[in-house]
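Asks: All letters in the sequence shown, in the order written, are residues 1 to 158 by my numbering.
We put the beta carbon where it would ideally sit given N, CA and C, even for glycine.
Sharing a structure with you now.
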Amino acid sequence: MSAFATGLAFLPMFGVVFPVNLLAPRIAERLGPSATIALGAALSAAACVSLLPIAPGTPYAAIVLPLIGLSCGLGLIVPPLTSTLLGSVDRSRSGVAAGVLNATRQSGSVLGVALFGALIGPTGAFMHGLRLSLVISAALMLAAAGVIRWSASGVRTR
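Now the structure itself:
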């Protein structure tokens with residue numbers, strides 16, 4: 001598959017993040033921010049688990065829906081997480097809080113790429129490493145959902 005075709009294959013994933021990010025605040029108004037974040041994490045975890053059976057010959061059609069589900073889950077997480085964080089600090093500290101959030105997200109991305117790259121990288125271990133990466137991702141998402149729901153009662157916004 002060419003680089004262009006690969007980019008097109010990932011287009012549906014990126015195409016849903018924007019509209020879901022726009023819908024997430026409305027969903028958070030109904031369910032509450034912590035429930036929306038937990039829902040997004042659980043949806044992302046379910047998508048990771050649904051990708052576990054893939055194999056080298058798995059058709060694109062069998063992979064695209066879980067990838068869209070993963071993107072939808074992640075799209076539900078970011079807006080209420082950001083608004084909850086920024087709503088919990090003084091306005092004078094909102095720039096620092098936003099900076100910490102973005103630095104944390106970027107650091108997590110870098111560590112994830114490094115860890116999962118190390119798992120997938122060894123010759124002949126791609127599918128094993130991919131499955132292990134999916135299991136780790138699902139477990140972390142479920143743990144995050146649990147922590148968010150458990151600690152939600154202690155969150156106070158201004």
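Rounded to the nearest angstrom, how far is the Cβ of S83 from that of V17, given a contact under 8 Å?
Replies: By 1-based counting over the sequence shown, the position of residue 83 is 83. By 1-based counting over the sequence shown, the position of residue 17 is 17. At roughly 17 Å, the Cβ-Cβ gap does not stay under 8 Å, so S83 and V17 are not in contact.
Asks: Could you tell me how far apart the beta carbons of G75 and V20 are, in whole angstroms, since I believe they sit closer than 8 Å?
Replies: What you label residue 75 is simply residue 75 of the sequence shown in a count that begins at 1. What you label residue 20 is simply residue 20 of the sequence shown in a count that begins at 1. Right, the Cβ-Cβ distance comes to about 3 Å (below 8 Å), so this counts as a contact.
Asks: Classify L43 as buried or exposed, calling it buried when 16 or more other Cβ atoms lie within 10 Å of its own Cβ.
Replies: Looking up residue 43 in the sequence shown gives position 43. So L43 counts as buried.
Asks: Considering Cα atoms alone, identify which of R26, I63, L39 and L22 is closest to P12.
Replies: The count along the sequence shown starts at 1 and reaches residue 12 at position 12. Comparing Cα-Cα distances from P12 to each of R26, I63, L39 and L22, the minimum goes to I63.
Asks: State the DSSP-derived secondary structure class of I54, mapped to helix, strand or coil.
Replies: Counted from its first residue, the sequence shown places residue 54 at position 54. Three-state result, I54: coil.
Asks: Please work out which residues of its chain come closer than 7 Å, Cβ to Cβ, to P66, disregarding the five sequence neighbours upstream and downstream, and give them in chain order.
Replies: On the sequence shown, residue 66 is found 66 positions in, with the first residue counted as 1. Same-chain partners within the cutoff: A47, S50 and L51.
Asks: Nearest to L85 by CA position, among G69, I68, G73 and T104, is which residue?
Replies: Position 85 of the sequence shown, counted from the start, is the residue given in the question as residue 85. For the residues G69, I68, G73 and T104, the minimum Cα distance to L85 belongs to T104.
Asks: Our contact map puts A61 next to A138 with C-beta atoms below 8 Å; I'd like the distance itself, whole angstroms only.
Replies: For the purposes of this step, residue 61 is taken as the residue at position 61 of the sequence shown. For the purposes of this step, residue 138 is taken as the residue at position 138 of the sequence shown. Incorrect: roughly 22 Å between the Cβ atoms, too far for contact.
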